[in-house]
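Below is one structure, written out as C-alpha cells; comments come after it.
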Amino acid sequence: MTSLFSNDLVSPKVLETLPEGYTCRALQRGDYKLGHLDVLRGLTHVGEITEREWIERFDALKESNGTYYVAVLVQKDGDVEKRIVGTGTLVVEKKFLYKLGVQGHIEDIAIAEDQQGKRLGLNLLQFLGHIAEKTGCYKTILDCSPAKEGFYVKCGYEKAGLEMHCYYDAEAQKHRV
Numbered sequence: 000m001t002s003l004f005s006n007d008l009v010s011p012k013v014l015e016t017l018p019e020g021y022t023c024r025a026l027q028r029g030d031y032k033l034g035h036l037d038v039l040r041g042l043t044h045v046g047e048i049t050e051r052e053w054i055e056r057f058d059a060l061k062e063s064n065g066t067y068y069v070a071v072l073v074q075k076d077g078d079v080e081k082r083i084v085g086t087g088t089l090v091v092e093k094k095f096l097y098k099l100g101v102q103g104h105i106e107d108i109a110i111a112e113d114q115q116g117k118r119l120g121l122n123l124l125q126f127l128g129h130i131a132e133k134t135g136c137y138k139t140i141l142d143c144s145p146a147k148e149g150f151y152v153k154c155g156y157e158k159a160g161l162e163m164h165c166y167y168d169a170e171a172q173k174h175r176v
C-alpha cells in the first residue's frame, strides 16, 4: 500500500507507548475504506467526498514531497487493521525567518469519540513532533478552540498569540471550518 511518507520518519519510541492493539503510521492510499473521514467528521464539517476524490487529494499531497505528513492511529485485531481511530497532520513550511528556518504546523488532530481518554491524542502529537524534528522544524505551532487549550498545554504546548481568520468561501464560513 502506498504511504504518504516514509517509515523512516516513524518513531519507534512512540509506537512502544501505544496501548496494545493500536499502531500509528503514515496515511495510506487505501485509508478511505478504514474510516479516515469518519474520524475527521468528529472534529468538523467534512462534506460528501467520494473515494475517488479522496484518492485524488491523497495523490496531490504525496506529490508535495516534504510538505504534508498525515498520520493515523489504527485499531487492530491481531495483525488486521480494523479502523482508523485518530488522525493528525503536520504541514512543513519553509521560511525566510530564523535563518531560513522550517516551521511545522499541526492541523486536524482528531480522535474518535469512543477512543478518547486513552492518551491517543498525546501519542499522535508525539508522533507528529518526532517527524517535525526529523524534518528540521525548529518549532511546531497549532490553533485550537479554548475548550481544547488545556489538553494541548498538558502535551507541552504554550499559549502564544491569537488566531485570526478571513473567509473567502460562504459555505466554509457557515460551517466555521
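In numbering that gives the first Met the number 0, the protein residues as written are 0 to 176. Think of the CB as a built atom: it goes at the ideal place given N, C-alpha and C, for glycine as much as any other residue.
Apply the 10 Å Cβ neighbour rule to residue i and answer buried if 16 or more other Cβ atoms are within range, or exposed otherwise.
| i | result |
| --- | --- |
| Ala59 | exposed |
| Tyr31 | buried |
| Arg56 | exposed |
| His164 | exposed |
| His44 | exposed |
When DSSP builds the beta bridges, which residues end up paired with residue i?
| i | result |
| --- | --- |
| Gln172 | For Gln172, which the question treats as bridged, DSSP gives no partner whatsoever. |
| Ala25 | Ala70 |
| Ser2 | Gln27 |
| Thr86 | Val71, Ala109 |
| His104 | Val90, Ile140 |
| Val79 | Asp76 |
Using DSSP with H/G/I as helix, E/B as strand and the rest coil, what is residue i?
| i | result |
| --- | --- |
| Gln125 | helix |
| Lys138 | strand |
| Arg56 | helix |
| Lys117 | coil |
| Thr49 | coil |
| Pro145 | helix |
| Pro18 | coil |
Below 8 Å on the Cβ atoms is my guess for residue i versus residue j; work out the distance and round it to an integer in Å.
| i | j | result |
| --- | --- | --- |
| Leu42 | Asp142 | Rounded, the Cβ-Cβ distance is 12 Å, inconsistent with contact. |
| Val101 | Tyr137 | 7 Å |
Looking at the C-beta of residue i, does it have a partner C-beta in chain D at a distance below 8 Å?
| i | result |
| --- | --- |
| Gln115 | In summary, chain D is missing from the structure at hand, where a single protein chain is found. |
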